[in-house]
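Counting in my numbering, the sequence shown runs from 55 upward without gaps.
A virtual CB, placed ideally from N, CA and C, is assigned to each residue, including glycine.
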Amino acid sequence: MDSFLGIRFKKPTAKRFQEFSRKHFKTHTEAMEAMLDFFRYNEISPKEHLGPTGRTLEAKLLKRINAVIAIIKDVEKTQTKPTQAMLEALFTQMETPEEKTLIMKTDDELDDEKFEDWDGKDF
């Protein structure tokens, strides 16, 4: 059996450690070993500031995503939709003029068309 050693902590610090230890580990010894191993493995000091937290990173990322969405919407509004409208207008203009089919008419049909509206009073 391992022997224990008493370390003196201030009461508020000891209470915080006990709450943390009970929440995450089975014993206080495991909690302290895990914390010491963490600092040794990551080669950091408990006094160092680790930088932005997950919440601040998420907020920054969300702002950037919203900015990208705004840029894409602006490009769509100012470039894509007008270009699409111009292309559609070109294609609809090309489709509307229907060409008449070239069919040879006989002389009788041509004579009938020429004199359809003529009532014969001009002579």
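Residue i and residue j closer than 9 Å at C-beta
{"i": "P106", "j": "K114", "result": "yes"}
{"i": "F93", "j": "A85", "result": "no"}
{"i": "F74", "j": "F63", "result": "no"}
{"i": "L39", "j": "I98", "result": "Because residue 39 is not part of the residues shown, which for the chain are 55 to 177, the question remains open."}
Neighbourhood of residue i by C-beta distance below 6 Å, restricted to the same chain and skipping five residues each side
{"i": "I61", "result": "none"}
Contact with chain C by residue i, beta-carbon distance below 9 Å
{"i": "Y95", "result": "Looking for chain C here will not work: only one protein chain is present."}
Neighbourhood of residue i by C-beta distance below 7 Å, restricted to the same chain and skipping five residues each side
{"i": "P100", "result": "F93"}
Cutoff 8 Å; reference residue i; Cβ partners in own chain excluding five residues on either side
{"i": "L141", "result": "none"}
Next item on the list: Just list the alpha helix (DSSP H) runs in the region 72 to 110, keeping only unbroken ones of 4 residues or longer that don't cross its boundaries, in chain order.
Entry: Those alpha helix (DSSP H) runs which fall completely within the region 72 to 110 and span 4+ residues are 82 to 96.
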